[in-house]
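In the working numbering, the protein residues as written are 316 to 487.
The C-beta atom is built at its ideal place from N, Cα and C for all residues, glycine as well.
To keep things clear, I will list the structure first and then write my remarks on it.
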Amino acid sequence: MVAEIKLGLCNPPEPIYLYVKKGELSGESYLWYNYDINNKITIPVQQTGLTGYISELKLTTKEFRERDNIKLDIVVRADEIYIVRTGIETNFAKSFLLAVSVLQDFSKPLIIAATAGEENVVFCNLYDAATKTRIHSEWNRDADWLAIIDSVQAKLQTSQNSHIVSGEPILF
């Protein structure tokens with residue numbers, strides 16, 4: 316299936332970054348936001364779920380307050396390319412990694428949902444998009460996070476390669 320290309324004015328095919336944070340702006344609560352770097356403003360995202368295909372996990376180093384901070388970038392293919400960026404030490408990243416680590420098949424769409432915890436905490440719930448069932452995992456605060464990332468990346472590569480080998484197109 317070939318997607319129809321829309322002709323005319325458009326935005327460049329740059330990823331849309333979603334940052335994780337429990338916040339409030341103008342009386343509205345939010346768990347995700349975009350950041351307009353040119354105008355230095357936070358733009359709240361009211362939806363708490365993102366449905367798409369996880370295509371990659373990346374670790375990115377960003378400087379914040381003169382310190383290097385490691386961020387987990389979750390690359391999601393949907394109507395656009397989205398990158399969910401969160402600190403590697405956050406409850407969101409850890410709950411996401413634990414849930415995604417139990418998956419074997421990445422050829423189906425998933426729902427990544429931001430869920431508010433107490434105070435400033437944000438967790439991640441992962442759902443099968445077709446059945447709307449939550450993907451359960453046991454909490455393990457001592458998990459080997461880098462090993463989980465490596466394992467998931469290997470499964471993502473295998474999943475993508477299996478579609479190429481079988482001749483089936485990967486539809487996004």
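Is the separation between the beta-carbon of residue i and that of residue j shorter than 7 Å?
i	j	result
ALA408	LEU441	no
PHE411	SER474	no
ILE331	GLU371	no
VAL436	ALA429	no
ILE450	SER416	no
PRO424	TYR368	yes
LYS337	ALA431	yes
TRP347	LEU333	yes
Among the residues of its own chain, which have a CB less than 6 Å from the CB of residue i, if the five just before and after it don't count?
i	result
ILE426	GLY364, THR366, TYR442, ALA444
ILE320	none
ASP388	LYS373, THR375, ILE398, ARG400
GLN468	LEU372
GLY342	none
Please report the residue range of the alpha helix (DSSP H) in which residue i lies.
i	result
ALA408	406-415
Using DSSP bridges, identify the partner residues of residue i.
i	result
ARG449	TYR442
ILE358	ASN349
LEU324	The partner list for LEU324 (beta bridge, DSSP) is empty, contrary to what the question assumes.
VAL437	ALA431
ARG319	The displayed chain sequence assigns Glu, not Arg, to residue 319. Paired residues: none, contrary to the question.
SER344	GLU339
So, under 8 Å CB-CB, residue i and residue j are touching, yes? Tell me the CB distance rounded to an integer number of Å.
i	j	result
ASN505	VAL360	This structure gives no information on residue 505, because the portion of the chain shown stretches from 316 to 487.
If you drop the 5 nearest sequence neighbours on each side, which residues of the same chain put their C-beta closer than 8 Å to that of residue i?
i	result
THR448	TYR442
The beta strand (DSSP E) spanning residue i covers which residue range?
i	result
ARG400	396-402
ARG382	382-392
LYS337	331-340
GLY367	364-379
LEU425	425-431
To which residues of the same chain is residue i closer than 7 Å at the C-beta, ignoring the five residues directly before and after it?
i	result
GLN362	none
ASN455	LEU413
LYS377	ASN384, LYS386
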